[in-house]
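Here the structure is laid out as structure tokens; the discussion comes afterwards.
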Amino acid sequence: MAIIKSKIVLSPAGSGKTERLARRYLQLLAMDVKPERILTITFTEKAAAEMKDRIFKILAQENPEKLKELKRNALKLRISTIHSFCLSFLERFAPFIGLEPEIKVLDDPTVLWFDVVDDTLRTIAETEPNSKYYNMILELIAQEGFRGWSVLRRILEVLFDRRAAAKRAKVILTEQKGLENLISELYDSPIGRGRIKNYAELFPSRLTITQLNKVKEKLDLCSSVFLTQNNTPRKQGFNQEERTWAEKMAEYRKLVISYTSTIRALQIFYLFKRRFLNEYERRERENGQADFTDLELLTYDLITKNPEWSNILYSFDEHTDHILVDEFQDTSFLQWSIIDKLSEEWRSGLGAKRSRAIEPSIFLVGDDKQSIYYFRGANAQVFANAKAKLTAWYEPGKFEYEVVDTNYRSLQSIIDFTNLVFAQLMRPDPEAPAFKTRYAPFVRQRKNEDPGSVEMLLIKMAKAKMLERRQKEAELIAKRIATIVGRINVYDDKENPLPCRYQDITILLRKRTYLDVLENALHNHNIPFVVVKGIGFHGTPEVSFLRAFVSFLADPSSDFNLYVLLRNPVFGLSENEILMISQASGLTLWERLQNYSETLGKRKEEVKQLADWLSAVNHRPLAHIIEEMLKIKSGWRIFSEPQRLANVKKFIRLVEDLETTGQHPLRLKDYLQKSIEKENEPKANIRIEGKDAVRIMTIHAAKGLQFPIVFIPGLDENIEIKTGSDQSILLEELSEDEVVLAFQPEPNLRKETKLFIEREAKELEEAKRLFYVAVTRARDHLFLSGVWQDKINSPSRLSWLIETLGLKKVDGKFSLTSNCPVAIVEEATVEKEYEKIKPKLVIPFCGQLPIIQSGPLPYLPQFEWRIVTRELEEVKRKSEESWTIFGEVMHQLFAEIAQGNLVLNNELEQILTRARHLLFAFGLMQDQLSIWLERISDQFRLLANKGLLSIISPQPGSYAELPFILKKGKIIYSGRIDRIIRMEGEIKIYDYKTFPLRDEELPSFLTEYAQQLAIYREAVASIFETQNVATYLLFTARGELIPISS
Amino acid sequence: MQGKIFVTPLGQSKITLSLFQDICDLTQEKDFSSILYIAATPRKVKETRMQFSQWVKAQAFIPPQFFTIKDFAIQLYSTYGDKFILPDFLKPVLIQTLNPKITIGYAQRIANFIKEIKLYLYHEKTESIKKAIEDRLAGYEPTLKRIDEAFKIFKDYNQTLNKNGWLDSEDVLLNVPNLVKNLNEFNLILEGFIDLTPVEVEILKSLVMKAKKTVAVVYWWEEKEILAEGKNQSLLDEVSQATPNRFWQFFQGLNDFTIKKLPKEFEFRGSVRYYGFGSLEEEVEGIARQIKKRYIENNLNLDKTVVTFPQLATYAPIVDRIFPKYGIPYTLIPKKNLKTSALAIAVIELLKTIAEDCPSLSTTITLTNPFFQNLSQVVKKYTILFAKQAKITKGKENWFYLQKRFETYFEDELSANEKNLLTATEKGIRQFLEEIKDFDKGQANIVDWVTALKDLLASLGLSERVVRADPTLRYEYDLIQTTFNQLQTLGKTFGSKSYTLPEFIKLLDFLFDRKEYELERKEQGVRVIDIKDTIGLDFEELYFGGLIEGSFPNRPAKDPLLSEVVRKYLGFPDIDYHFRLQELDYLRLINSTKNEPFLTHAQEEGDRLLLPSPFLEGPPSLVEPDNYLLSEEEVGCFQGQKENISFPRLLSEVDFSQDKLAGSVLNQKYGGKNYFSVTELEKYRQCPFIFYIENVLELAPETMPLYEIDALFWGKITHRVFELLYQDGAVPITEIPAKIEMALARVLNEEKISHFWQEVAKKIFARITPEFIQIETALRNDGFTPYQLETHLRYEIIPDLRIKGRFDRIDRSGKRLRILDYKTGRSYVNIKDIKESGTHLQLPLYAKLVQLTKPNFVIDDIGIYSLRDMKIYWLVKGKNDLDELIRSAVNFASAAVKGILQGKFSALPSEKQDCRDCEYNALCAKPTNVTVYGNNQE
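In structure tokens form, the structure reads like this:
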């Protein structure tokens, strides 16, 4: 039996985490574990692809045979994100939970949520006036005043974002017990009764929101008795007993505030779950959709709540022996719960494995110091929980917890700096709360004795606004970059020194607020740069323009969109002209433009183009119309800057994708309009490989990457705690199945509410981790910059460095603690260096335009294929749909009669039976049959009366429905002739027309059919080698045979 | 029965001509009707039919019969069979009728289950199949339950079909071997078969037995040359085994057949180079360039060139967009599904309009739909405009009273013409509402829903006549009508479960989605086709794209009924089979042309990193740059880059100071004795460019109408309430609550807002009234009482600066005045802003107006009465800097007026910080965002 230990590996930055996971995977393969039995979970789709790539590359070098084998099992590889895994799992078990087996993954739930919120409010408001929800929502809106609904909407959005926890976990009322205890302790206090009038009224009999609100008001009125002005328990003038009473009263007040927050939150939570989330999920199911969170929630439900959960787990168990998880620190409680549950039976020693003598394993790798997705529900605590759980579950020797202390990435200075700063910032204190990060130092592994460098660029500025500070700093960064490019060395993979290029430098931002300031500074100093994974796609001018174009085509009454078009250089109308157009008559700007054009004879071309595109909307893909517009209006030239061009193409693909799913242009417009709200939509990727430009990106985007030189600006920016309405609600996970809730719209009261205080502490902890991630991206050199602050009121990275590096400013000079591996560089020094080397202009394009061949390829088709009868489709079409079916049936009947398969007799019995079958089979409704059968019967009788039945009767030398091919020059005609009768020396061709025709219609019909019959005639003459061919039209409804001559 | 087998190297199979030559004389004969040609794919059938016409020497002739197995079976059954054929896409509907509890998607999976049993295990008894499955699933109770349910449905399904004289398409195939005996004498040609089901094998066998002579192609493969060492089994064998394909063995057992093994044209390739591109679009561009390059440099034969993708549906729209840009003649016949057709969208949106109480989007889509000819042109033209202005989000009532709602939300005066249009639009909408009034009857069977829908569509004017001019629409119209008819027939024949309207919409949507069709396009130039369609085709150059891991090989859909193990046991295609078949496709294709095919792979799409297909080996190669092969788009880009175009610099500032015509427009609007409102001047101070858009052009970005009362409306309500409160002077404090209540009731009645929002308003006023009273009491304690409310004042405060304003409230104490301005939103203003930035000019300008119009009074204080925070923020209170404040404000106002009249509307925001979130950034000549790589110099 092959045994491999289960393991958690705490693998810090630069320690080769991905390599470890890949090696574990290969180790399993080497033990002859089949790839389909190894489930590997990565954090992103990209990471999954990279993991596969890594495995393939290692095998290509080390074991090509194994690689071939693995590739032949490509469909069985299970390396994916947890969402892909859940999707595949759900598709397998969809019928258990009433889901459609084909689940459409909703990548972006915001648009649906947007609609649901509005519709649900309307439904409650308009149709449920007597429901509890009506009153609840009414109260909640009213409580927040005139902006009540906006506030509530934002809160619902926060809950929606956290629905992984909100939906599943139980709400724990953490303060209830304490509150009840304090009430019973304080209620009879003689001190209280003696000092506060109506003291008993401070302690409610029931902890309802109304009662608690009253208590809070009363406590505020009498708080001066037991609180100081700073809200601390009063001591002055109190004896010990009184002090204890005051402390308890202060605690009681805090708990009342906190508990009230929770109770209020519960109301919103209830409303959210029962109505808004319910409706959202209902619509998803109706559309067969599930968003990413749903995939996790549904999977979790399937393996925990479904009546068949044990069977489902058994089934999973039977197919999976090993689970590997990458970036485990970014796992949410819900995700961990799924992994935990899936592997529960293994650890219990039960399940399918034991009977097959297989020792399953779990391998979790990550770094809790790099957990930077708290805002998205990741929880660094999961790491500790998993460790505790696996340690408890596994027998000794079957599980291992490994802490890696090697660093293969950075040079000594950076390692020293990181160890020095973070060992203090993340002090491993066993008494500290579980959410605190604990640092373990690492050791350099790079074989390079150059220590590299850590430099702090500090600016002295007295009392400047944040914008001014950032502008100054950006200038300094630009200049510093200019001075280091080509002047300091970086190292390649083999540790060969190379002069630094722009592309070796990456600026890592904590957030994008001042990105534009930085861009401007780099721009002004001619530093080529590229923003990697920039956001704000929908707000760029080019996308705004294209959105306006699509919106205008969908809805020409949208004046603003037309204005955006006209003002844009692509259409390029001057504002003077637009002003004149706006003065013309018309209900909409479009009407005014048309009237302006008509009256003054101006802009005729633009009006015509727009009108043409408007009329094309219903039959041409919008993506084509956009490209045509860009071509005609020189749009490609105007949006030729690489990022803009990439954005334009991304937009076109977006529209194209939406169109292929069958979206009406107005829905597309609606979707694009709502997308404006998606501020985080990334700009299109542009190819940066080989481009010598500084990279700018956020720290989050840099995770998993490394760069020779890293700049970290904004040291002095506060690690601000947000204050918007979305901060008023709190939903925190305590464990896999418990959450706490609070709602407090008053920022001041939040500062007194335990849960909010704790959230702040967690956010601060996350900020430290983010700083750690930023610092550890650097391989060779690290530059930190900021504006010095004499007085620091709230935490910032500068304050942390002051604290950990002993950074001081004495007599205008900066100093650091001894042995600190950091050099401080001031503005003046950089300025001096910069003046010496002012960089030259960078010319991005200076080549000649190439010789261009952009026209269509000259091409002549070898031949043209034409189907004869189809050319006359138009004629046929003039009859009703049922007549078409009738015609097809009659032709079939005639053919079967001619071929002797149907017998023609006076009663028409067999024919009508067959006709009934055919009419029905060709799509005629049962209740319509009799009328059409009667028509068939009438036509047969008419043909009999007119002596024309012989044409369709079986005859020697005759053909029915004879296919033919006729070649005429480059045209090949293909057709089918209804009837051919060969007589002595002559061939007669008959074409049946079964629909009714009025006398006056006949001449034009005969003309139109003459061409068809000429082709028939030519084909038959050639096939049967005779020129004696006659053609006839047999009008069966008229009982008339008309010869058609050439 | 006799024949010949051509054993052909896989991929190198261009022997169709030889097959025909073996059976007939193409130079002499004219009647080939006795030849029955059967190929694996419709594409092969189509191309052979066309090629055949060229091979035959005669000018005209009677062609052979060309079929795929499926088409042949249907043709044969239609002639000799006596039952009705159930269309495939309706199977799930019938299954849902038999078991209404299951979802339509799951019903589809059961239909697949039934299909596979019929095709792969036709010779087995159902009970023994069931038992075999149950034996293998012993212990998996839930799955067993589903298997049991599926078999019950299977049984009911067959019985129901039989009882009513129907059968399905698999039954049709099963009937073929028996019906073949009816055929007259024929010669048979079989080509392109690699992947056959056992039933298809039986069909071909029966044809071979009946045919006078058979010529067939069987493929061979020298796997040893290319497959990994140690592999014992040939790929073809694996595929054959997985599909219990005994076709080859069958031929081998026939004595009268000769076998001719054809030699390889060139050596087999185990792998070839491939090229990596940045994205799907770049990949298609890469292929286009390569075709163009080879055409120009090597005279590539476009008619002999094939482009193929494993996921053609994904690439088809890109090819359709990119190839024309490079001027490449091509044929791409994409599979469309009915759901994406404009007509189906019209039908579904109409139904959603009815089912969801006229939501604005569905309703406007329906009302403006060109297919509904009976809706008036006015409705089509103006519905969206009026609905937007009336802020309709949903609700029949709101549409019915469009005009009334419009008047509530749209404050400008309408011209007579506009009024007429509004009235006509409302009338048209009412007619539409009348049409749909009785449509939704709650629950109904499928026949009733379809009948009602057909009637409704007819009454709205959707008929064949409307779509006649457009062949595509006409075809789609027919498909929809056929779908309706078939649903009615199905319902009438087999009964139907009861559907609610939303369920019926879902069903229709599902059926439209599954109704696939190909539109006719002229065949010319390069063929862009699906991988399966390349089997047996004649081409010399191949471009093989979309070689992405996950797409090729792709994974079959998960089977919710049978696990992989059971599928393998039953001989159904399983994941291994699926892989092998695709591997075979890959090897077949890379060996299909003498010249090495051009294989491509996209490395990214959006944020997704795409790996090369596991069939590919090594790293991708790089394509040599071909700068001269540009598309027109790239020519444009190069020109732009050469000119060093930077978009923001192309946007012009708005400055009309030199333009007389514009000046006259502005003069008409703002000149002469025009009085500027303080709000206008504040807007200009905020940013002249915003003022220009919003005030001069009177434009604003569209916002989504929502079910809420916006800030502006709340402001309107509160102002009016407090106006009414004090309209008869300072009411005693004790009467304030009752008075507010009365005033609010009156305002709510005037504004006609919904009951819910009335309730909200009442609650808010009830909540703020006590605090309001506290503030009012404090004001009275200072000796002030309300003096003037909602008063309009206008004055030329200095020469050429005429200001007007509507004062919310002026309180008075003797000769002392206080000016107050109600605000429901954010209220904080500081003096510095007014003095330095010229923002928030309102209160000081009002103070100036009061000073000038009420010279006998003294202004003591000015402040903002915040109804959000329920407190007054005093801007000036008992201080002496009012005059200085007024002076600054007047200076700023004067400059603003001058700027407006001169037409200076450049973007000059008073607060630079505001630009960050400005919704006009994209139009602004000074945007904050300059993120562009390159072009960094001025």
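Taken in order, these protein sequences are the chains called Y and H. This note's numbering applies: residue 1 is where the first sequence begins, and numbers increase by one. This note's numbering applies: residue 10001 is where the second sequence begins, and numbers increase by one. Note that beta-carbon positions come from the ideal geometry of N, C-alpha and C, so glycine has one too. The structure displayed is predicted, hence computed values, not measured ones.
CB contact check: residue i to chain H, cutoff 8 angstroms
i, result
"H619(Y)", "yes"
"A142(Y)", "yes"
"K876(Y)", "Residue placement at K876(Y) cannot be trusted, given a pLDDT of 48 that sits under 50; the coordinates are not used to answer."
"N311(Y)", "yes"
"N213(Y)", "no"
Closer than 7 angstroms: residue i CB and nearest the ligand ADP heavy atom
i, result
"I802(Y)", "Within the structure as shown, the ligand ADP is missing, as the structure has no ligands at all."
Cα-Cα separation, residue i to residue j
i, j, result
"P569(Y)", "V9(Y)", "57 angstroms"
"D10530(H)", "V10565(H)", "30 angstroms"
"S337(Y)", "E831(Y)", "55 angstroms"
"D978(Y)", "Y959(Y)", "8 angstroms"
"L933(Y)", "P963(Y)", "28 angstroms"
"N10232(H)", "N63(Y)", "Low confidence applies here, because N10232(H) scores a pLDDT of 38, under 50, leaving its location unreliable; read the following figure in that light. Rounded to the nearest angstrom, the two C-alpha atoms are 21 angstroms apart."
"L731(Y)", "R10794(H)", "54 angstroms"
"T208(Y)", "R285(Y)", "36 angstroms"
"I10296(H)", "L10343(H)", "43 angstroms"
"N10891(H)", "D10821(H)", "22 angstroms"
"F203(Y)", "I183(Y)", "6 angstroms"
For residue i, three-class secondary structure by DSSP
i, result
"P35(Y)", "helix"
"F43(Y)", "coil"
"H624(Y)", "helix"
"S796(Y)", "strand"
"V550(Y)", "helix"
"I268(Y)", "helix"
"L10302(H)", "helix"
"R480(Y)", "helix"
Neighbourhood of residue i by C-beta distance below 6 angstroms, restricted to the same chain and skipping five residues each side
i, result
"T10016(H)", "T10048"
"Y772(Y)", "K369 and F422"
Contacts around residue i, its chain only, beta-carbon distance under 7 angstroms, and the 5 residues preceding and following it disregarded
i, result
"P451(Y)", "L411, Q412 and S413"
Min CB distance residue i to chain Y below 8 angstroms
i, result
"G10278(H)", "yes"
"H10792(H)", "no"
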